[in-house]
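Visitor:
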Amino acid sequence: MRRWSICIFAWALLVAGCSSGGGQPDAGIDADGGAGDEGPTICSSIADCPLHNLCIDGICQAGSSCTSDGDCQSGYVCFLSKEVCVPENPCSGDGDCSAPTPRCLDGFCVACLDDNDCSSGMECSPDHECVLPGPDCTGDNDCSAPTPHCDTAAGKCVECVTDGHCSGQVCEPSSKRCVDCYQNTHCGGDTPYCLVEQHLCVGCRDDGDCPGNQRCSQAHVCTDVVCTSDADCSGTVSTPRCNTATGDCVQCTSHDHCSSFQWCRNFTCQSGCQTDQECVDKQGAGYHCNSSTGQCYYAECTSDSDCTSQDKPHCLTQQNPANNRCVECTDDTHCNEFFYCRPTDHVCSPQPCYQYPDPDAKCREVNSCYICDYSSGNCTPPTDQSGFSCTYPNGPECCPGYRCNTLGHCTIDLNCSASDPVCPEGYECNTSYNQCEWKSCCQPPCGSGEFCNADCQCESGCHGSGEMCDPFVGNCCQGLICNPFWPFCTGG
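Using this note's numbering, read the sequence shown as starting at 1099 and increasing by one per residue.
1. Would you give the residue range spanned by the alpha helix (DSSP H) that R1462 belongs to?
2. Excluding the five sequence neighbours on either side, which residues of its own chain have a C-beta within less than 7 angstroms of the C-beta of T1199, listed in chain order?
3. Given a cut-off of 7 angstroms, decide if C1320 and H1297 are closer than it, judged by their beta-carbon atoms.
4. Note down the Cα distance separating G1120 from V1175, rounded to an integer number of angstroms.
5. Under three-state DSSP, which class holds C1377?
6. Between the C-alpha atoms of P1448 and C1534, what's the straight-line distance to the nearest angstrom?
7. Let's test the definition: count the other Cβ atoms within 10 Å of the Cβ of N1418 and tell me whether it reaches 16, buried, or not, exposed.
8. What does Q1159 pair with, by DSSP beta-bridge criteria?
9. Whether or not the region 1487–1496 and the region 1468–1477 are in contact is what I'm after, with contact meaning three or more pairs of Cβ atoms, one per stretch, closer than 8 angstroms; do they touch?
10. Please determine, among S1190, C1189 and D1169, the residue with the shortest C-alpha to C-alpha distance to C1183.
11. Can you tell me which residues form a DSSP beta bridge with N1341?
12. CA-CA distance, D1192 and L1203?
13. Strictly by DSSP, which residues pair up with R1201?
14. Could you tell me the boundaries of the beta strand (DSSP E) in which N1239 lies?
15. Hey, how far is the Cα of D1124 from the Cα of C1141?
16. Taking DSSP as the reference, what is the three-state secondary structure of H1386?
17. Within 10 Å of its beta-carbon, does G1132 have 16 or more other beta-carbons around it, so buried, or fewer, so exposed?
18. Identify the continuous beta strand (DSSP E) that holds F1486 and give its terminal residues.
19. Could you pull out every residue in the same chain whose Cβ sits closer than 7 angstroms to the Cβ of V1520, ignoring the five residues on either side in sequence?
20. Please name the residue in I1157, D1374 and G1392 whose C-alpha comes closest to that of S1401.
21. By Cβ distance below 7 angstroms, which residues in the same chain neighbour N1422 in space, the five residues on each side in sequence not counted?
22. State the Cα-Cα distance for the pair P1543 and T1406, rounded to the nearest angstrom.
23. DSSP three-state call for D1430: helix, strand or coil?
24. Under three-state DSSP, which class holds C1567?
25. Use the C-beta contact count for Q1372: other C-beta atoms within 10 angstroms, 16 or more gives buried, fewer gives exposed.
26. Is P1411 helix, strand or coil when you go by DSSP?
27. On the three-state DSSP scale, how would you describe C1554?
28. What residues in its chain sit with their C-beta under 8 angstroms from that of T1139, if we drop five residues either side in the sequence?
29. Under the rule that 16 or more other beta-carbon atoms within 10 Å means buried, what is R1339, buried or exposed?
30. If we count the other Cβ atoms within 10 Å of its Cβ and call it buried at 16 or more, is L1505 buried or exposed?
31. Between P1522 and C1461, what straight-line distance do the alpha-carbon atoms span, to the nearest angstrom?
32. In its own chain, which residues sit with a C-beta less than 7 angstroms from the C-beta of A1420, not counting the 5 before and 5 after it?
33. What's the C-alpha gap between M1220 and C1195?
34. Of all the options H1318, T1366 and G1562, which has the alpha carbon lying nearest to the alpha carbon of V1300?
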């Protein structure tokens, strides 16, 4: 048991160090000269507190007294020197706690911090335990507007308990709200019936409440049957349509009965759209409702759900919704790695390599031999990789057409064959000699005694077999190649 005294004392110091430091107690002299309220005992650790107290938020607070671990609830042990129960495993966060006390509060694992931590029908008590809720009130003094009365049976503050609490209305017994009616006895005169769901007194609820051949209209008024079709209403300019369900002549029964910018609601034509569907019904697919102005507008999309193309799955919204359109991306998160959303056309484009701290290193993530082309911002193979560092012997850093020599440098490799025609950039495989040769950009090809120079012009004075040549110009005569390791024209 001694070990708990040491561990818990250290824990108590930690809790005190993390306290928020509330206001100081009033320990002064009252205005009448008497001693002031001594207030709670200030503490920096449990050692500062009397028996049966814990140091919480810098104040000594009463805990559960004990003389042994058996006196404490599950998860607690007895701190003998203060004869008070403390957590067996102090916490610094929720991660240190588990059910049934999954939340950490001031170094204690507790069941709850608020009602959301408790199961349905339970609430979090001031002691941070999930308990059945107690009464909100025991009398009207515990309540205030808009629920100024206490329903003592339920322990809840409500609008009314008796009809006397309602002015000109009655108290509905289940909801405890003031209403016009909840049964027919509350109604009279021209409106003798109660629509219970609406708590409204009306002239009729259905046709059975009306005399003779009269019917109960949608306005809950008994009327004579006026129509069975629109033809019966043709003589009434303001109500030319027949609501066959009630026999009433009305202004409209569908949107088509109203003008271009009106919609049929409750059998009357009303201006201004309220929903997108109303605009679709009146003007077709792609139209939406601006609820603030009541006007319909056409837009390709208003949200991503309107964009069904895999190539353009996102909606680019504009200040003028009519300019909305479906695009490939609206921000960088819509693009793959190494790509960004180009703001000019909202297309996923390669991220310019020069924007990275080490552009060439970033390009090597794409391809081990690529470098950054600062002019275009693209990762490309170098025009000439000779001398680039590499790992001998395989040299994955070397591009096709280069090999890694024993010095750890990429060296041009002009060996090729029909089965392996890979050559460095700017070269092509001459399968007749199994050698890579400089590509001719001259069209039509140069004739006898000529070679294609760097400006793609045929130039006379080509070098014959055994003559010295420039491997980067390829100035050997047709049918010969310039060997870069022994710069003489060969193959003739």
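Ideal placement from N, C-alpha and C gives every residue a C-beta, glycine not left out.
Guide: Looking at the coordinates:
1. P1457 to V1464
2. Cβ neighbours of T1199 within its own chain (closer than 7 angstroms, five residues either side excluded): G1173, C1207, V1208 and A1209.
3. no
4. Residue confidence for G1120 is low, a pLDDT of 40 falling below 50, so the modelled location carries little weight and cannot support an answer.
5. helix
6. The straight-line gap from Cα to Cα measures roughly 32 angstroms.
7. With fewer than 16 other Cβ atoms within 10 Å, it is exposed.
8. L1152
9. no
10. The shortest CA-to-CA distance from C1183 to any of S1190, C1189 and D1169 is the one to D1169.
11. D1346
12. Straight across, the Cα-Cα distance linking D1192 with L1203 is about 8 angstroms.
13. V1208
14. Element bounds for N1239: n/a, residue is neither H nor E.
15. Bear in mind that a pLDDT of 43 at D1124, under 50, signals an unreliable position, so the number given afterwards is only what the model happens to contain. So the two alpha carbons sit approximately 15 angstroms from each other.
16. strand
17. Per-residue confidence for G1132 stands at a pLDDT of 44, beneath the threshold of 50, marking its modelled position as unreliable; the derived number appears in the next sentence. It counts as exposed.
18. Unbroken run through F1486: none, as it is neither H nor E.
19. P1498, G1499 and C1514
20. D1374
21. A1397, E1398, C1399, T1400, C1413, L1414, T1415 and Q1416
22. 51 angstroms
23. helix
24. Correct three-state label for C1567: coil.
25. exposed
26. coil
27. coil
28. D1146, C1147, P1148, N1151, I1157 and C1158
29. R1339 counts as buried, since at least 16 other C-beta atoms from the protein chains shown sit within 10 angstroms of its C-beta.
30. Looking at its Cβ environment, which holds fewer than 16 other Cβ atoms inside 10 Å, L1505 is exposed.
31. 19 angstroms
32. Y1395, Y1396 and A1397
33. Cα to Cα, M1220 sits roughly 21 angstroms from C1195.
34. H1318
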